[in-house]
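Asks:
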Amino acid sequence: MATVEQEDLTAEHRDAAALATMAGQALLELRAGPSGTPRDIGAAGDRLAHQLLVRELNRLYPDDDVRSEEGLEHISGSGRLWIIDPLDGTREFRQLGRPDWAVHVALAAGGRAVVGAVALPAIDVTLSTAAPPELAPFEPDVPPRVVVSRSRPPEVAYEVAEAIGGVMIPMGSAGAKIGAVIMGLADAYIHAGGQYEWDSCAPVAVAEACGLHASRLNGEPLRYGARDAWLPDLMVCRPELAEVVLRVTRRDFRPYY
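Letter by letter, the sequence shown follows residues 4 to 260 of the numbering used here.
#1: Using the Cα positions of A14 and L63, report the straight-line distance between them to the nearest angstrom.
#2: Which stretch, first to last residue, makes up the beta strand (DSSP E) that contains T40?
#3: Do you know how far the Cα of A112 is from the Cα of L119?
#4: Would you say the stretch 80–92 touches the stretch 123–132, given that touching needs at least three Cβ pairs under 8 Å?
#5: Spell out whether any CB of chain D is found under 8 Å from the CB atom of M238.
#6: For H16, which residues does DSSP report across the bridge?
#7: Give me the Cα-Cα distance between R254 and N221, rounded to the nearest whole angstrom.
#8: Could you check whether the stretch 230–237 touches the stretch 188–204, counting it as contact only if at least three pairs of C-beta atoms, one from each stretch, sit closer than 8 Å?
#9: Based on Cα-Cα distance, which residue from V159, M174, E211, I185 lies nearest to R250?
#10: Can you tell me where the alpha helix (DSSP H) with T132 in it begins and where it stops?
#11: Using C-beta distances below 7 Å, list every residue in its chain close to A5, excluding the 5 sequence neighbours before and after it, in chain order.
Quick look at the structure:
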């Protein structure tokens, strides 16, 4: 019997991209309509996208479990588990005009992110394992760009930037940051201090499908579907930079990341 990873996942790749795009369009329409306070529109966006995605996944894949940031039960499992972030970057979504927010739809199986779609509705782009973007040629003479949290850039990111002669670029949601690396607008994303699985599962699936390096800061593979959805740290970068970046992140790795 074939494992989940060996199955033909053509429909799942297609549906993840379609659902992320659909939820993103609904969020754009909500954002453009009459609204109350920024906090109100953020909460409404979280709720709208969560309900849409869970309803459609339950319809399309009734035998699969769904883990959502907005769900009441954070389901886990090593089988087929859809992991979604209905609105990654709620704070950025609340700030009209900001493009750095996303919708994540992913399927994990056997602990791996095997399907993923990241809609970036404000720039009309959906990055997906259905059609992984081709990486732009690496330009060794251009200073590498390291994307980091706008509010909490980790110390190790400064050290990575120094080691590779790079520059740091603050940006909003995790999906937008990893998306920037996928699209060639950045070269590395370094995160420490903790996230949840839904923050990275979909963008990591797309990044790996494109040929980017993705791992924990100590080099261990990223695993999804654990009982505890907390994921302490991660890095995504151009394969040409992986060796030197890991040399720094492994050296500075701390278990509390």
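Yeah, the Cβ is synthetic: ideal placement off N, Cα and C, and Gly gets one too. Since the model is a prediction, treat every value here as computed from it, not as a measurement.
Replies: Let's see:
#1: 10 Å
#2: Note, T40: premise wrong, no beta strand (DSSP E); not H, not E.
#3: What sits at residue 119 in the sequence shown is Gly, not Leu. Taking the straight line joining both Cα atoms gives about 12 Å.
#4: no
#5: Annotation note: the requested chain D is absent from the structure, which comprises a single protein chain.
#6: According to DSSP, H16 bridges with nothing at all.
#7: 8 Å
#8: yes
#9: V159
#10: Note, T132: premise wrong, no alpha helix (DSSP H); not H, not E.
#11: Here the model assigns A5 a pLDDT of 44, short of 50, so the residue's position is not dependable, and the following value carries that caveat. Counting only Cβ-Cβ distances below 7 Å, and skipping sequence neighbours, we find nothing.
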